[in-house]
Every structure is written in C-alpha cells, then in structure tokens.
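For what it's worth, the UniProt record's numbering labels the leading residue of the sequence shown as 8, then goes sequentially.
Quick notes on the structure that follows.
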Amino acid sequence: TAETESFPIPANVFAETVTSVTHYTDRLFAFRMTRPQSFRFRSGEFVMIGLPNAEKPVYRAYSIASPAWDEEIEFFSIKVPGGPLTEHLQKIQEGDTVLMRKKPTGTLVHDALIPGKRLFLFSTGTGIAPFASVIRDPETYEKFDQVILTQTCREDSELEYGRQLVDHMKTDELMQEVVGEKELLFHATATQKGEVTGDRVTKLIENGKLFIDLAIAPLDPANDRAMICGSMAMLKDTEKLLQERGFEEGANNAPGTYVVERAFVD
Ligand code: A2P
C-alpha cells in the first residue's frame, strides 16, 4: 500500500515479506513471512516486530510460532481494537512488509530446562505460539519421551489454531518423523463458549482431571519439566501449582524444572 512505501526501512531491522495470512476468529490470526538468511533463533524464543507505516515504527514482542528449522517465520496474533500495532497488523496481506528486530530472546527454550522425561507446555490464548515452535522441533523429542500441550481459551473457535497444528503433526509425514517413536498429547478447553466447555487448566491440574483425561501420571518434578505461557494471572496461578509440587524456575544461565514467559498481548 502507499502507506507502507512512504517511510524508509530502519537500518537495524530485517524487512520481510508476508507469504500467507490465516484468520481464525475476529480476535485471532496467524501469518507467515520470509526468513532472512542470517537470522538464527532457538525454538520458543520471541522477537520484536513492527510495520513500516510510521517514521518511528511501533514494535511489540511476538513469540516465533515456527520451529528453528523452518524456511519461513510464523506468528500467531491477537487483534486488539485500537491496539498500536495489532490494529494495523491484522490488515496485512500477502506481499506486505513486516519489520523484525535482529535479536531473538526468551526463556521457553530447552537450554533453560534440566533433562527430564515428560515436557508439559501450559498455555492460554496466543500463549500457544512459542509451543507451536517447540512441538515442531526435533530436539524436543530427542530430549523428552512425551510432550503434553495444553491450551485454555474462552471460546472453542479460539482453539482451532492449536487443533490444526496438532492434527498436522499427526498426519504430515515429515512431522511424524520429527515426533518419531515419542508422543505428543494435546488437551484443550474452552472456558466460556462452545459445544464442550471445560475448566481452566489450573483447575484441571488441581483436581487431577487433566491427568485422568489424558490417562497419564500426575505431575512429578523428578521426571517432568514444564513451560508456561499465558496472561499474568495464568502464569501466577500455574507457577504456584508447580512450586507446591516441588518444581523450581529455570533460566538460560541456571536451568530448572520449569520456565515461564508472559504471552504478549497488547
Ligand atoms: P476464564 O474464561 O475462566 O477467565 P484471557 O483472555 O482473560 O487471558 O483468558 C484466556 C483464557 O485463559 C480463558 O479461558 C480464561 O478462563 C483463562 N484464564 C484466565 N485467567 C486464568 C488463570 N489465572 N489461570 C488459568 N487460566 C486462566
């Protein structure tokens, strides 16, 4: 559009081309864009992205939803009415330019966890984005025997991105190879609207229904590792449950049994 061509691209960012856009609901969409040759990241990390529609572009943190081996970069985003970035970002189309700062970072990475047998990935809403990256990374299945992805959303339709992703993991030949002999489980609940509504994952951990539904053993810090990504409230509540069960937070320079990252929404 004319709007995007009238400002020069800043020197410190990559300017990439959108290759596809998928709208899931009136609040959620995903898009893919070209990946710069020199850009390296670890599955689970985030970057700052913006649009070339202003002299000083607005940047927001976005988890990279694609795995480290992918030729393209994928993001899963909320649409915030009047949001400084998402108001415009939700209108992007194939061929448009998206700016990306050059340095990825984050704690939802294997380096921040000590070795274990099962990996739990707890998410709400767009908090599933970094896990879309992690569950497509062969390293995840080299390090763990079983990967358990959970997502809690308000509405059933908001679970579609995760459902399609997990379906793809089970049906795509390349993805079947990535998972190999290991196992990927998915537990999704819509708390407010939809045919089959259910409880928040925190409640399901507390009352044990999560483990009964999936027919797996309850959380055990000796063998289990966890990554959490959601709203501040969700992080706080989930961390408390993990800490009560003996889990300890890890970081890149001091690996532990769980790690957290806020889902970036505004
Ligand atoms: P609920 O509908 O019971 O509030 P939000 O958009 O507010 O971040 O919520 C996204 C999803 O996360 C909703 O399903 C919501 O459930 C759930 N949720 C909100 N707060 C928490 C929390 N503290 N712990 C677990 N899940 C939460």
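No residue lacks a Cβ here, since even glycine has one placed at the ideal position from N, Cα and C.
Just so you know, these numbers come straight off a predicted model, no measurement behind them.
For the stretch 87-101 and the stretch 201-211, state whether three or more C-beta atom pairs, one from each stretch, are separated by less than 8 Å. In short, these stretches do not touch, since the Cβ pair count stays below three.
Would Ala197 be called buried (16 or more neighbouring beta carbons within 10 Å of its own) or exposed? Here the question's residue 197 lines up with position 190 in the sequence shown. With at least 16 other beta carbons inside 10 angstroms of its own, Ala197 counts as buried.
For Glu256 and Gly123, I'd like the C-alpha separation in whole angstroms. In the sequence shown, counting from the first residue as 1, residue 256 sits at position 249. In the sequence shown, counting from the first residue as 1, residue 123 sits at position 116. For the pair Glu256 and Gly123, the Cα-to-Cα distance works out to about 14 Å.
Taking only three categories from DSSP, how would you classify Ala195? Position 188 of the sequence shown, counting from 1, holds the residue named residue 195. Strand, per DSSP.
Using alpha carbons as the reference points, say which of Glu81, Arg143, Met55 and Asp163 lies closest to Pro111. As a working mapping, residue 111 is identified with position 104 in the sequence shown. It is Met55.
Thinking C-beta only, is Pro225 closer than 8 Å to Gly253? For this step, residue 253 is matched to residue 246 along the sequence shown. For this step, residue 225 is matched to residue 218 along the sequence shown. Taking 8 Å as the Cβ cut-off, Gly253 and Pro225 do not qualify as a contacting pair.
Confirm the yes/no value for this check: CB of Thr93, any heavy atom of the ligand A2P, distance under 7 Å. Indexing the sequence shown from 1 puts residue 93 at position 86. No - the ligand A2P has no heavy atom lying nearer than 7 Å to the Cβ of Thr93.
Closer than 7 Å to a non-hydrogen atom of the ligand A2P - does that hold for the CB of Gly90? The residue you call residue 90 lines up with position 83 of the sequence shown. Checking the Cβ of Gly90 against the ligand A2P gives no.
Looking at the ligand A2P, does it come within less than 7 Å of Gly205, judged from the CB to the closest heavy atom? Looking up residue 205 in the sequence shown gives position 198. In this structure, Gly205 has its beta carbon at no less than 7 Å from each heavy atom of the ligand A2P.
With 16 other Cβ atoms within 10 Å as the buried cut-off, status of Ser50: To locate residue 50, count along the sequence shown from 1; it is residue 43. Ser50 comes out buried.
Is Met176 near the ligand A2P, judged by its Cβ being under 7 Å from some heavy atom? The residue you call residue 176 lines up with position 169 of the sequence shown. When distances are taken from the beta-carbon of Met176 to the heavy atoms of the ligand A2P, even the shortest one reaches 7 Å or more.
Would you say Val267 touches the ligand A2P, meaning its beta carbon is less than 7 Å from a heavy atom? Residue mapping note: residue 267 aligns to position 260 of the sequence shown, counting from 1. No; taking the cut-off as 7 Å, the Cβ of Val267 has no heavy atom of the ligand A2P nearer than that.
Between the C-alpha atoms of Lys247 and Gly102, what's the straight-line distance to the nearest angstrom? Mapped onto the sequence shown, residue 247 falls at position 240. Mapped onto the sequence shown, residue 102 falls at position 95. Taking the straight line from one Cα to the other gives about 44 Å.
Cβ of Cys160 within 7 Å of any heavy atom in the ligand A2P? Taking the sequence shown and counting its residues from 1, the one referred to as residue 160 is at position 153. Yes; taking the cut-off as 7 Å, the Cβ of Cys160 has a heavy atom of the ligand A2P nearer than that.
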